[in-house]
Amino acid sequence: MKIGIIGTGYVGLPTGVGFAELGNTVVCIDKNENKINDLKNGKITLYEDGLEDLFNKNVKNGRLKFTTSMKEGVSDADMVILAVGTPPHPVTKEADLRFVYEAVAEMADYLTRYTVVATKSTVPVGTGDQLEQIISEHNPQADFDVISLPEFLREGFAVHDFFHPDRIIVGTNSKRAEDVVRKLYEPFDGKTHFLFVKRRSSETIKYASNAFLAIKIHYINEMADFCEKIEADVLEVAQGMGLDTRIGSRFLIPGPGYGGSCFPKDTMAMACMGRQNDTPLTLIETAIEGNRSRKKKMACRILNMVRDISSPKIAVLGLAFKDGTDDCRESPAMDVVAELLQSDVSVTAYDPKAMVTAKNLLSNKIKYADSLYKAAEGADVLVILTEWKEFKNIDFERLAQSMRRRKIVDCRNMLNAEKARRYGFEYRGIGRV
Ligand code: NAD
23 MKIGIIGTGY VGLPTGVGFA ELGNTVVCID KNENKINDLK NGKITLYEDG
73 LEDLFNKNVK NGRLKFTTSM KEGVSDADMV ILAVGTPPHP VTKEADLRFV
123 YEAVAEMADY LTRYTVVATK STVPVGTGDQ LEQIISEHNP QADFDVISLP
173 EFLREGFAVH DFFHPDRIIV GTNSKRAEDV VRKLYEPFDG KTHFLFVKRR
223 SSETIKYASN AFLAIKIHYI NEMADFCEKI EADVLEVAQG MGLDTRIGSR
273 FLIPGPGYGG SCFPKDTMAM ACMGRQNDTP LTLIETAIEG NRSRKKKMAC
323 RILNMVRDIS SPKIAVLGLA FKDGTDDCRE SPAMDVVAEL LQSDVSVTAY
373 DPKAMVTAKN LLSNKIKYAD SLYKAAEGAD VLVILTEWKE FKNIDFERLA
423 QSMRRRKIVD CRNMLNAEKA RRYGFEYRGI GRV
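All letters in the sequence shown, in the order written, are residues 23 to 455 by my numbering.
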C-alpha cells in the first residue's frame, strides 16, 4: 500500500518507519525543511530506542521517502495519516487545531483517488466531522473517508509499541475505510485487539485513556506523600495494590509528577471539553492542579536539603520527561529545574540522550556536563529526575569523593537507600523514609 504521513515528529516518524518495515511504500511529509533535508540525507532527527537501524534499512531499500511536497506525499495514497502536533492553546488550554486544519486544507487538493484520511494526532471529539467538511469544501470531487486512528505509543518504546500494540482502535462507520485499515494492519491479525467504533467514541477513547493514566500517577503521588507522613513505604503499598488485577501494577510508580508532550496537554484539553459540554470532569481537574504543584513541591524538597548553604550547587541527573527518549516537552525535570532557578542556586545537569533538546529550551541558564560524575563534581546535592537505567548503578564511592556535600534527592526511587546511607549520604526518596 502507499501511505502518506503528514508530520515527522515523535509519532509520524516511528509510524512511517514501522509501516515501511511492514512492506508498504511510505512518504513522510513535513513542512519543516531542515528536518526533511536531514532525513533525506539519512540523518535521523529524534532519538527513539531501536529506530535508527530500521530507519536506515528502509531508506536504503527505497520504501521510506521524505518530502516537503504535499502533492508528492498524498497523490495516489491509499491512506494519509495526520500526525501533526495539537499543542495546548496558549490561553484557553484546549487543543490547538491550527496545524491539523492547515495540513488538511493543504492536502485536500491532491486526493486523486479513494483515500482514507486517518487522524493519529490527538484531536477533540468532533474534529473528524470538521475535517470532512474542510476537505469537501477544498475539493468537492474528492473521494475519501475521514477516520479516527488514535495513537497509543509510549515515547521511549515507540518501535516496540508499533510492532506490539495493545489494541488498534478505529473510529469509522465506513465499510470501505474499514477494509483499507484491515488490509494495512493485516500483519497484526490475531496478535492484537481490533476495535471498530464510532468516530466520536474513538476520539474520546484517546483522551479518556490518557486522563485515566494521569490520574493514576497523581493518585500514587498523593499516596507517596501520605506514606512519608505515616512512615509507610509507598513502593510496598504500590506493590500490594498492584497485585489486585482490577488495579494492576503499571502507572503506580511515584515520582516528580507526570509530564511529556501528551498527558499535560491531553488532560487540559479533556477538562476543557468537559466544561464546554457542561459535564465537569472534576477528577481530571484535580489531577491537573495536583500535578502542577507537585513539581514545586519537589523543588522545595531539594532546596530544603541545602537551605544552610549559600549559593548551593545542584547536580541534576535527567532532563528528558522519561527514559528512552530525548523529548523534554513538559518534562517534570525541566519544570523542577525552572523552579530551582528561582532561588540563588547553580545547576549542572546531565542527561544521556536529551542534552541537545534540553539546551534548546534552557539555553545557558544552567551548566551541562557530559557524564553523571562530571555533573556531580563539587555539588552539594545530587538530584535524580529522570529514570535512566545508567543512574541505577551509580558508584557511591566515586560520588562521595567528588561531591562537596553528600546529599541525594532521588525523585525516581532508583537508588538503594541503605547503601547510599552507608556511604554517608543524606538520602531522600519519594514516599519512603
Ligand atoms: P511533533 O511536534 O513531534 O511533530 C509534529 C510534526 O508535524 C512537526 O515535525 C511539524 O513540523 C509537522 N507539521 C506541523 N504542521 C504541518 C503541516 N501543515 N504539514 C506538514 N507537517 C506539519 O508532535 P508528536 O509528538 O509527533 O505528536 C503528534 C500528534 O500525535 C499530537 O497530536 C500528539 O498529541 C499525538 N500523540 C503523540 C504521542 C507522543 O508520544 N508524542 C503519542 C500519541 C499521540
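Even glycine gets a Cβ: it sits at the ideal position worked out from N, Cα and C.
Remember, it's a predicted structure, so these values are computed and weren't measured experimentally.
- Scanning its chain for C-beta atoms nearer than 6 Å, with the 5 sequence neighbours on each side dropped, one finds around Tyr-445 the residues Phe-418 and Ala-422, in chain order.
- Here the distance from the Cβ of Val-106 to the nearest heavy atom of the ligand NAD is below 7 Å.
- Less than 8 Å separates the beta-carbon of Tyr-32 from that of Asp-349.
- Here Phe-447 is buried, its C-beta having at least 16 other C-beta atoms within 10 Å.
- Distances between the C-beta of Tyr-32 and the heavy atoms of the ligand NAD include at least one below 7 Å.
- According to DSSP, residue pairing for His-215 in a beta bridge involves Arg-189.
- According to DSSP, residue pairing for Arg-450 in a beta bridge involves Val-431.
- One Cα belongs to Val-219, the other to Asn-83, and the distance between them is close to 36 Å.
- According to the DSSP assignment, Tyr-229 belongs to the alpha helix (DSSP H) that extends over 221-252.
- Distance from the CA atom of Ser-393 to the CA atom of Arg-316, rounded to whole angstroms, is 27 Å.
- Secondary structure in the segment 81-119: the alpha helix (DSSP H) runs of 4 residues or longer, each lying completely within the stretch, are 92-96 in chain order.
- Taken through DSSP and simplified to helix, strand or coil, Thr-408 comes out as coil.
- Here the segment 39-59 makes contact with the segment 67-87; the two share three or more CB pairs at distances below 8 Å.
- Collapsing the DSSP output to three states places Ala-442 in a helix.
- Between the C-alpha atoms of Gly-38 and Gln-364 there is a straight-line separation of about 42 Å.
- In the DSSP assignment, Gly-26 falls outside any alpha helix (DSSP H) and lies within the beta strand (DSSP E) extending over 24-28.
- For the pair Met-292 and Leu-274, the CB atoms are not nearer than the 8 Å cut-off.
- Around Ala-42, the same chain offers Val-48, Asn-80, Arg-85 and Leu-86 as residues with beta carbons nearer than 6 Å, after the five sequence neighbours per side are excluded.
- Within the segment 325-377, the alpha helix (DSSP H) runs of at least 4 residues that lie entirely inside it are, in chain order, 354-362.
- Taking Met-245 as the centre and dropping the five residues before and after it, the same chain places the C-beta of Val-256, Val-259, Ala-260, Pro-276 and Gly-453 closer than 8 Å to its C-beta, in chain order.
- Rounded to whole angstroms, the gap between the alpha carbons of Phe-174 and Ser-333 is 43 Å.
- Leu-153 is positioned such that its CB atom lies no closer than 8 Å to that of Ile-237.
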